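The structure under discussion appears below in the form of structure tokens.
Residue numbers (my numbering): 108 to 296.
Here is the structure:
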């Protein structure tokens with residue numbers, strides 16, 4: 108049986124209200140580099156994978172420090188699901204993804220279509236589509252292909268471009284946006 112406090116709330120409800128207040132009071136602008144203003148002092152990444160059925164909702168950075176175990180979980184989540192190979196994702200790419208998500212002001216998690224790609228996977232995809240780069244940044248753990256049901260490809264791309272931190276590709280026909288931490292550029296795929 109739940110124990111009530113003097114206010115008539117359960118301890119769990121009281122703690123939940125405190126946690127919600129803490130999250131709502133969290134600063135929204137980072138002290139970090141200007142391109143990550145949308146990243147916040149607490150950086151969080153929310154994604155799901157239709158391929159593996161996995162979900163992740165992870166605070167991976169707090170006030171200037173990456174959380175090692177959280178980053179490890181993000182790396183595992185973003186693995187090449189075809190080969191089950193894990194590569195350390197470039198943290199700049201994760202930061203761009205998180206900042207873009209914050210700028211879009213959505214609660215919906217990203218759908219991850221592609222994170223890390225092994226050379227074997229990249230070669231296979233390249234043989235099936237002319238839109239796959241031979242030296243793709245996916246193979247270096249520096250890129251992600253993402254989708255949101257509640258936002259258009261154009262809206263997602265604009266948020267990523269606002270970070271001024273890497274490459275942004277709009278793939279309207281396939282309904283996804285490519286984000287990477289390479290040279291600042293944009294294209295239509």
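For every residue, glycine included, the Cβ atom is placed at its ideal position computed from N, Cα and C.
Note that this is a predicted model, so its numbers are computed, not measured.
Count the other CB atoms within 10 Å of the CB of residue 242; is the residue buried (16 or more) or exposed (fewer)?
Burial call: exposed.
I need the DSSP call for residue 220, collapsed to helix, strand or coil.
If DSSP states are grouped into helix, strand and coil, residue 220 belongs with the strands.
The region 196–206 touching the region 151–163, judged by at least three CB pairs closer than 8 Å
Between the region 196–206 and the region 151–163 there are three or more C-beta pairs closer than 8 Å, enough to call the two in contact.
Nearest residue (CA-CA) to residue 284, options 271, 165, 261 and 291:
261 is the residue among 271, 165, 261 and 291 whose C-alpha sits nearest the C-alpha of residue 284.
What's the gap between the Cα of residue 176 and the Cα of residue 197?
Using only the alpha carbons, I get a separation of about 15 Å.
Determine, using beta carbons only, whether residue 244 and residue 287 come nearer to each other than 9 Å.
Taking 9 Å as the Cβ cut-off, residue 244 and residue 287 qualify as a contacting pair.
Go ahead and pull the three-state DSSP assignment for residue 284.
Residue state, collapsed to three classes: strand.
For residue 293, report the span of its beta strand (DSSP E) as first-last.
Annotation: the continuous beta strand (DSSP E) that includes residue 293 extends over 292–295.
To the nearest angstrom, report how far apart residue 210 and residue 279 are at their CA atoms.
Answer to the nearest angstrom: the Cα atoms are 20 Å apart.
Which residues in the same chain as residue 181 place their Cβ atom closer than 7 Å to its Cβ, once the five residues preceding and following it in sequence are excluded?
Result list for residue 181: 152, 163, 165, 167, 196 and 201, in chain order.
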